[in-house]
Amino acid sequence: MMNLDNIAVPDSRGWQSVVDGIFHNARRRPSHPAIIDGNRALSYAGLAAEVVKTAAHLLSLGVRPGDIVGVGLRDDADHVVTLFAVAFTGAVILPMDVRWTAEEKQRIALYFGARLVLLPQAEALSGCDVAIIDTHWRHAVAGNDGDASVVRGRDQPLLISLSSGTTGTPKGPLVTHGHTLSRLYIYAVSLTFNDGDRFLAATPLYFGGARYMTMAYLFMGATVVIFPPPYDSDALARAVNDNAITALFLVPTLLRRLLELPNAAPPLFPGVRLMISSGASLYPAERRKIMSELCPRFYNFYSSSEGGGISLLRPEHPDEASMSVGTAVFGAEVQIVDAQHRQVPPGEIGMIRYRGGAVADGYYRNPEESKTAFRDGWYYPGDLGKLDAKGFLYITGRAKDMIIRGGVNIYPAEIEQTLAVHPAVAEVAVVGWPSHGRGEEVAAFVVCRRKVGEAELILHCRGALAPYKIPKRIFVVDELPKSGLGKVLKADLVERLRHMG
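Numbering (our numbering), first residue to last: 229 to 729.
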């Protein structure tokens with residue numbers, strides 16, 4: 229094992245980087261398991277060594293502080309090591325979904341100016357360098373002497389966390405090490421993360437929830453067990469109990485599937501002390517059922533890519549607050565304001581805004597969107613809501629028409645643009661279709677120039693979009709409902725879907 233004493237790590241009072249915790253843990257508990265990925269296990273000493281060696285290899289490929297590095301890897305230990313290694317070099321992580329098409333990856337890489345893109349297999353991306361994380365890569369990393377230096381500073385950029393679709397003008401808040409450390413404090417104070425936990429990483433690492441929570445637990449010195457999708461509910465339940473998991477993060481779709489499992493002796497997860505959900509609302513009856521049948525220590529977390537945690541509905545909060553998303557988390561200040569950005573009284577609906585140390589300062593390479601979403605030190609997530617007299621936050625609607633399918637944000641414009649390029653399609657509108665299992669499904673309405681079947685249009689989408697963005701149904705209609713100004717009335721389409729069941 230390489231000598232980690234050569235890595236200068238300040239004491240906890242001087243930590244400036246999310247990587248500092250990794251090396252601190254490598255010294256205080258070197259043999260403690262950090263990552264368990266199937267048959268592969270990394271202790272904290274092993275994780276620190278892998279991070280340094282991988283960072284040195286990245287430097288040998290020309291990566292320098294400030295460079296943007298696309299990380300489009302599978303959900304495994306290599307993915308986690310790479311995140312910390314890129315941070316160690318002072319470069320900026322650009323998370324990319326391994327399920328994206330090559331066209332989607334290339335578009336995002338070029339828009340944000342990625343110096344290098346890391347992928348699990350070869351794909352043709354024009355305009356940027358690509359490195360493949362394969363046997364050759366691992367051999368090169370293993371043979372590296374680990375000569376790398378960390379770039380520290382709370383203002384040092386850490387990652388660009390995409391918060392919108394992959395077509396049009398992408399929105400990526402530039403999150404610094406300081407922002408991320410503040411998010412880790414939220415996990416420790418409000419969500420009670422600690423170094424005795426065993427966390428199951430059961431959702432894709434590309435998405436912010438799994439990525440930040442995994443990094444937080446490794447920063448703190450806990451154990452992360454990687455259990456990548458796809459899997460069925462039975463396998464997930466076994467993984468939780470067989471691995472003595474104490475903490476896990478699941479989107480509402482997974483929770484609903486778990487509730488369908490037969491369970492003779494609730495709760496299903498007696499050893500879990502912390503179950504977290506985020507990404508979509510749950511009904512009060514679902515919250516009660518989750519706490520009685522799955523895990524009594526259930527937390528519903530309202531957060532965003534731009535600002536981290538906003539509010540938290542805790543298990544001790546009363547049943548009458550179940551329609552809310554809880555109260556503000558540690559370090560966050562939440563307000564409801566009117567169109568003139570003035571605070572409104574409790575109970576009145578307005579725009580949600582919040583601020584705190586975890587909130588990014590703006591979108592990278594997108595000044596126009598930054599002006600709208602970031603104002604006077606506040607971030608506006610685009611949701612409408614209200615605060616009651618006790619400080620519980622209620623979301624009453626979305627100012628934008630984003631679709632949340634199984635906890636994943638999907639933007640209709642991306643799917644509309646994909647369908648619009650089909651030669652038979654004259655007009656298209658995409659909306660969310662309420663679904664008990666997934667929260668929302670994707671539905672598309674198209675006006676066609678010539679006769680075309682739904683199957684052909686679905687196949688067209690499959691060639692350009694990741695699987696979770698494919699519409700459940702594409703309805704061919706004679707015309708789209710429009711206002712007097714020619715704007716498509718999407719609310720009318722949503723109402724039509726409700727009558728379909």
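Backbone N, C-alpha and C fix where the C-beta goes; we use that ideal spot for every residue, glycine too.
The structure displayed is predicted, hence computed values, not measured ones.
| Asked | Found |
| --- | --- |
| Does the Cβ-Cβ distance between PRO385 and LEU412 come in under 7 angstroms? | no |
| Is it the case that the Cβ atoms of GLN244 and GLY381 are separated by a distance below 7 angstroms? | yes |
| Should THR442 go down as buried or exposed, given a rule of 16 or more other Cβ atoms within 10 Å for buried? | buried |
| Can you tell me where the beta strand (DSSP E) holding TYR527 begins and where it ends? | 526-532 |
| Closer than 8 angstroms by C-beta to ASP720: which residues in its own chain qualify, once you throw out the five before and the five after it? Chain order, please. | PRO709 |
| What does the alpha-carbon distance come out to for the pair VAL704 and VAL659? | 14 angstroms |
| Between PHE427, GLY605, TYR622, ASP460, which has its C-alpha nearest LEU482's C-alpha? | ASP460 |
| Go through its chain and collect everything with a Cβ distance to VAL680's Cβ below 6 angstroms, but skip five positions before and after it. | ALA652 |
| Can you have a look at TYR582 and say buried or exposed, based on whether 16 or more other CB atoms are within 10 angstroms of its CB? | buried |
| May I ask you to list the residues that DSSP assigns as paired with CYS676? | VAL653 |
| Could you give the DSSP three-state label for VAL636: helix, strand or coil? | strand |
| Would ASN594 pass as a contact of LYS399 if the rule is Cβ separation under 7 angstroms? | yes |
| Please look up how many angstroms separate the CB atoms of LEU621 and GLY554, rounded, as I've assumed it's under 8 angstroms. | 7 angstroms |
| Using alpha carbons as the reference points, say which of THR404, GLY665, ALA475 lies closest to TYR591. | THR404 |
| Near SER506, what residues of its chain come up, given a Cβ to Cβ distance below 8 angstroms and the 5 sequence neighbours on each side ignored? | GLY437, PHE477, VAL479, ASN528, PHE529, TYR530, SER531, GLY635 |
| Looking at the unbroken beta strand (DSSP E) that takes in LYS333, where does it start and where does it end? | Note, LYS333: premise wrong, no beta strand (DSSP E); alpha helix (DSSP H) at 330-340. |
| Does DSSP put ILE235 in a helix, in a strand, or in coil? | coil |
| Could you say which of ALA694, MET579, VAL674 lies nearest to LYS718 if we only look at CA atoms? | VAL674 |
| Tell me the DSSP secondary structure of LYS614 in three-state form. | strand |
| As an exercise, report each continuous alpha helix (DSSP H) stretch of at least 4 residues that is fully enclosed by the segment 340-372, in chain order. | 363-370 |
| Cα-Cα, which of ALA313, PRO512, GLU596, GLY424 is closest to PRO280? | Here residue 280 turns out to be Val, not Pro, going by the sequence shown. Taking only the C-alpha atoms, the option nearest VAL280 is ALA313. |
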